[in-house]
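Report on one structure; see the data block that follows.
Protein chains: 2
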Amino acid sequence: MTRARPTGDELAEMLAALANPLRLRIVAQLSAGRNYVSQLAREIGVSRPLLHMHLQRLEAAGLIVGSLELSDDGKAMKYYEVADFDVRLTPAAIAEAARSLTPKEND
Amino acid sequence: MTRARPTGDELAEMLAALANPLRLRIVAQLSAGRNYVSQLAREIGVSRPLLHMHLQRLEAAGLIVGSLELSDDGKAMKYYEVADFDVRLTPAAIAEAARSLTPKEND
DNA sequence: TGCACGTGTCAGAGAAAACTTACACATGAA
DNA sequence: TTCATGTGTAAGTTTTCTCTGACACGTGCA
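First to last, the sequence lines map onto chains A and B.
Numbering-wise (the working numbering), the first sequence opens with residue 1 and increments by one.
Numbering-wise (the working numbering), the second sequence opens with residue 108 and increments by one.
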């Protein structure tokens with residue numbers, strides 16, 4: 001990441017991914033260091049399936065990155081870490097990004 | 108506006124307000140110049156009640172500002188313009204903002 | 001009086017998001 | 001074998017968001 005001018009659709013997806021208190025907390029927690037799903041769920045105080053859903057949303061937006069690793073005792077651990085994104089939100093930046101929005105989103 | 112460090116809740120509201128293609132378009136359109144509701148609805152191609160709803164969401168987040176004015180021919184016109192916000196979205200900024208999030212949002 | 005233009009709001013449908021509960025599988029250790 | 005740990009996912013509920021289609025009010029002008 002570390003992209004100055006995301007596409008309109010990309011920006012919309014990033015904003016949608018961050019527009020949730022729990023997901024903000026997740027990004028905050030991960031920016032303190034990488035972590036695996038179950039442990040992260042315990043630290044934040046959320047059920048694992050719920051966390052799993054939010055992690056997917058954040059990863060789809062490119063805000064975090066996950067990797068499956070094998071621990072010493074043979075367990076498959078899914079580690080997540082933050083991507084180093086940097087987006088500036090100003091009226092001008094939004095006007096610029098809006099030009100590359102998929103028209104109408106439906107038809 | 109033009110605030111470097113919004114509260115966690117403020118940031119969440121701003122992000123939620125911008126996390127919608129139509130609202131991005133509205134901000135983009137308004138950053139080209141102030142406008143009144145009916146005209147804006149025509150330019151963007153949206154029904155007036157729908158636009159009204161989105162404008163309220165944007166104004167509640169502090170991203171746009173509305174003012175009721177009387178036109179020359181006596182009509183009450185509601186003009187909107189963009190606030191000059193400037194928010195930087197990075198993992199560190201989110202970690203910082205997340206500390207001031209209302210805990211749990213519910214109980 | 002009636003039309004055209006502006007404002008606002010309410011009720012309900014439809015769709016999407018958030019969340020819970022329950023299930024599946026795998027491994028190492030007791 | 002059973003338990004504790006890790007993974008994922010599917011079904012169903014509740015809540016929130018989005019959008020439409022009325023309806024209300026106001027003014028100036030033909």
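The C-beta atom is built at its ideal place from N, Cα and C for all residues, glycine as well.
Values in this document were obtained by computation on a predicted structure and should not be read as measured data.
Discussion item. I'd like to know if Pro113(B) contacts chain A, where contact means its C-beta is closer than 7 Å to some C-beta of that chain.
Written reply: no
Item to complete: Locate the beta strand (DSSP E) running through Ser67(A), then write down its first and last residues.
Response: Residues 64-70.
Worksheet item: Using the rule of at least 16 other Cβ atoms within 10 Å of the residue's Cβ for burial, across every protein chain shown, is Ala126(B) buried or exposed?
Response: buried
Worksheet entry | Closest by C-alpha distance to Leu11(A), when choosing among Pro128(B), Ala119(B), Pro113(B) | Pro128(B)
Worksheet item: Would you say Arg149(B) reaches chain A, if we count a Cβ-Cβ gap shorter than 7 Å as a contact?
Response: no
Practice prompt. Starting from Val82(A), trace the beta strand (DSSP E) both ways and give me its first and last residue.
Written response: 76-82
Item to complete: Check the Cβ of Ala12(A) against every Cβ in chain B and list those closer than 9 Å, keeping chain order.
Response: Leu125, Ala126, Asn127, Pro128, Leu131
Item to complete: Round the Cβ separation of His159(B) and Val144(B) to the nearest angstrom and send it over; I've been treating them as touching at under 8 Å.
Response: At roughly 6 Å, the Cβ-Cβ gap stays under 8 Å, so His159(B) and Val144(B) are in contact.
Worksheet item: Relative to chain B, which residues along the stretch 49-79 of chain A have a C-beta separation below 8 Å, given in chain order?
Response: Against chain B - using a Cβ distance shorter than 8 Å - the stretch 49-79 of chain A contributes no residues.
Worksheet entry | Between the CA atoms of Pro198(B) and Lys75(A) - distance to the nearest angstrom | 29 Å
Item to complete: Could you work out which residue in Gln39(A), Leu15(A), Gln56(A), Ile44(A) is closest to Ala28(A) when comparing CA atoms only?
Response: Ile44(A)
Item to complete: Can you tell me the Cβ-Cβ gap for Ala95(A) and Ala148(B), rounded? I've got them flagged as a contact below 8 Å.
Response: Not a contact, Cβ separation roughly 19 Å.
Worksheet item: Expressed to the nearest angstrom, what Euclidean distance is found between the alpha-carbon atoms of Asp9(A) and Ala190(B)?
Response: 23 Å
Worksheet item: Considering only C-alpha positions, which residue in the set Lys78(A), Leu63(A), Gly62(A), Arg5(A) is nearest to Arg48(A)?
Response: Looking at the Cα atoms, Lys78(A) is the closest of the given residues.
Worksheet item: When you compare only the Cα positions, how much space is there between Pro116(A) and Ser178(B)?
Response: One cannot answer for residue 116(A) here, as it falls past the ends of chain A, which runs 1 to 107.
Worksheet entry | Neighbouring residues, chain A, relative to Arg195(B) (Cβ below 9 Å) | Asp86, Val87, Arg88, Leu89
Item to complete: Give the DSSP-derived three-state secondary structure of Leu101(A) in the structure shown.
Response: coil
Fill in: Local conformation of Arg5(A) per DSSP, three classes
Here Arg5(A) carries a coil assignment [DSSP, helix/strand/coil].
Worksheet item: Are the beta-carbon atoms belonging to Arg164(B) and Ala124(B) less than 7 Å from one another?
Response: yes
Item to complete: Give the range of the alpha helix (DSSP H) segment to which Arg132(B) is assigned.
Response: 128-137
Practice prompt. Spell out the partners DSSP gives Arg195(B) in its beta bridges.
Written response: BP columns for Arg195(B) point to Arg88(A).
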